[in-house]
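Below is one structure, written out as structure tokens, with a few remarks after it.
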Amino acid sequence: MKLALLGCGLLGGSAAAAWRRAGAAATVTGFDRDADAVRRGVALGMIDTAAGSLAEAVAGADCVLLATPVGAMPALLDALAPHLRDGAIVSDVGSTKEGIVDAARAALGAKFARFVPAHPIAGAESHGIENATSELFDGRWVIVTPTAETAIDALRRIEAAWTACGAAVERMDAREHDRIFAAVSHLPHLAAFALMRAVAAGADGARCLQFAGGGFRDFTRIAASDPTMWRDVALANREALGRELAAYRTELDALQAALDHADGAALQRMFEDASRVRRGMRFGAFGRNEVEDGRDE
Numbered sequence: 077m078k079l080a081l082l083g084c085g086l087l088g089g090s091a092a093a094a095w096r097r098a099g100a101a102a103t104v105t106g107f108d109r110d111a112d113a114v115r116r117g118v119a120l121g122m123i124d125t126a127a128g129s130l131a132e133a134v135a136g137a138d139c140v141l142l143a144t145p146v147g148a149m150p151a152l153l154d155a156l157a158p159h160l161r162d163g164a165i166v167s168d169v170g171s172t173k174e175g176i177v178d179a180a181r182a183a184l185g186a187k188f189a190r191f192v193p194a195h196p197i198a199g200a201e202s203h204g205i206e207n208a209t210s211e212l213f214d215g216r217w218v219i220v221t222p223t224a225e226t227a228i229d230a231l232r233r234i235e236a237a238w239t240a241c242g243a244a245v246e247r248m249d250a251r252e253h254d255r256i257f258a259a260v261s262h263l264p265h266l267a268a269f270a271l272m273r274a275v276a277a278g279a280d281g282a283r284c285l286q287f288a289g290g291g292f293r294d295f296t297r298i299a300a301s302d303p304t305m306w307r308d309v310a311l312a313n314r315e316a317l318g319r320e321l322a323a324y325r326t327e328l329d330a331l332q333a334a335l336d337h338a339d340g341a342a343l344q345r346m347f348e349d350a351s352r353v354r355r356g357m358r359f360g361a362f363g364r365n366e367v368e369d370g371r372d373e
């Protein structure tokens, strides 16, 4: 399969490398508004050919994979639509799905049936194609959100590509996807950004950060993620994310009330509830338990 990669960052580069390793892509043509990113991808062996334009990248491709920030995808879909060959598949790796599906429907017209929305549940706080790895998706979920119009052969081909990369594929509705990931991905990123800002902006911020330990490190690790990507995700999923922020604020208010009233029993109850749920969780597509004891992870 000839793959056109639009967006040559961490996820795009990792997808190209993983698809090549798995045999899902025979050749990869890359395009990015940052030409240096494409050149680095070629030098790293993740990309075969650097395209000079979007039209050049898309022409003749069997599959076009969008790996830009989600805010750039609607315009990108508009721009690529005239250059798609008949039968070509279009997919993406965006962290939100409902808005992208709507944009693809509007941009692709009769070719919308060949659009397969996807979201690999993988990433890292480091960004840029130099941090890409073919192993990023091993043991991870890839969520696909097909519509009633999605061509079954296109859907199966994208699912097979991700499965070959070591991922487990799950289908769900785009709205359900955005609701779930507002809670377990988008809200945690906002919380990490907010905590980082709150501590750093304090009167003794620099002094506090000097002595930050494992708990602060683990909680704020994702605050080092790509700001542009997460700005776009937050805006694209703002309704569901707003509801999750309100629920989180309710929990913070309950903690504040317990502290104000020196209510140790309430604190104990809240901490025990959270600890029980967290210890019972399994992470990744194949059920790894990443909490073995009560130590700081």
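Here our numbering is used: the sequence shown runs in plain steps of one and ends on residue 373. C-beta: ideal position from N, C-alpha, C; glycine also.
Looking only at DSSP bridge pairs, what is residue i linked to?
i      : result
Pro196 : Val218
Phe287 : DSSP output for Phe287 lists no bridge partner at all.
Phe347 : Phe347 pairs with nothing; no bridge assigned.
Ala126 : Gly106
Assuming contact is defined by CB atoms lying nearer than 7 Å, are residue i and residue j in contact in what I supplied?
i      : j      : result
Trp306 : His265 : yes
Val118 : Ala80  : no
His195 : Ile219 : yes
Lys173 : Asp254 : yes
Ala102 : Met77  : yes
Phe374 : Gly170 : Summary: the structure shown does not reach residue 374, with the chain confined to residues 77 through 373, and so no result is reported for it.
Ala139 : Asp108 : For the record, residue 139 in the displayed sequence is Cys; it is not Ala. No, these two residues do not count as a Cβ contact at 7 Å.
Ser90  : Glu201 : no
Ala189 : Ala227 : yes
Ile205 : Pro193 : no
Arg127 : Thr105 : First, the residue type needs correcting, since residue 127 is Ala and not Arg in the sequence shown. Their beta carbons are under 7 Å apart, which means Ala127 touches Thr105 by this criterion.
Ala182 : Phe191 : no
Ala143 : Leu184 : no
Asp308 : Pro145 : yes
Tell me the residue span of the beta strand (DSSP E) that contains residue i.
i      : result
Asp168 : Ile165 to Asp168
Ala80  : Lys78 to Leu82
Under the three-state reduction of DSSP, which class applies to residue i: helix, strand or coil?
i      : result
Phe107 : strand
Leu142 : strand
Leu156 : helix
Phe213 : coil
Phe188 : helix
Thr374 : A query on residue 374 cannot be resolved here, the shown segment of the chain reaching from 77 to 373 and no further.
Phe257 : helix
Asp339 : coil
Leu421 : Nothing can be reported for residue 421: it is not among the residues displayed for the chain, which extend from 77 to 373.
Asp229 : helix
Asp162 : coil
Glu235 : helix
Glu201 : coil
Ala240 : helix
Ala131 : helix
Ala250 : helix
Glu373 : The predicted position of Glu373 is uncertain, since its pLDDT is 24 and thus under 50; no value can be drawn from it.
Ala113 : helix
Let's see if you can read the secondary structure: which residues bound the alpha helix (DSSP H) around residue i?
i      : result
Arg181 : Glu174 to Leu184
Glu246 : Element bounds for Glu246: not the alpha helix (DSSP H) but the beta strand (DSSP E), Ala244 to Arg247.
Ala148 : Element bounds for Ala148: n/a, residue is neither H nor E.
Leu86  : Leu86 to Ala98
Please go through the segment 260-321 and give each complete alpha helix (DSSP H) segment of 4 or more residues, from N-terminal end onward.
Whole alpha helix (DSSP H) segments, 4+ residues: 263-277, 281-286, 290-296 and 303-312.
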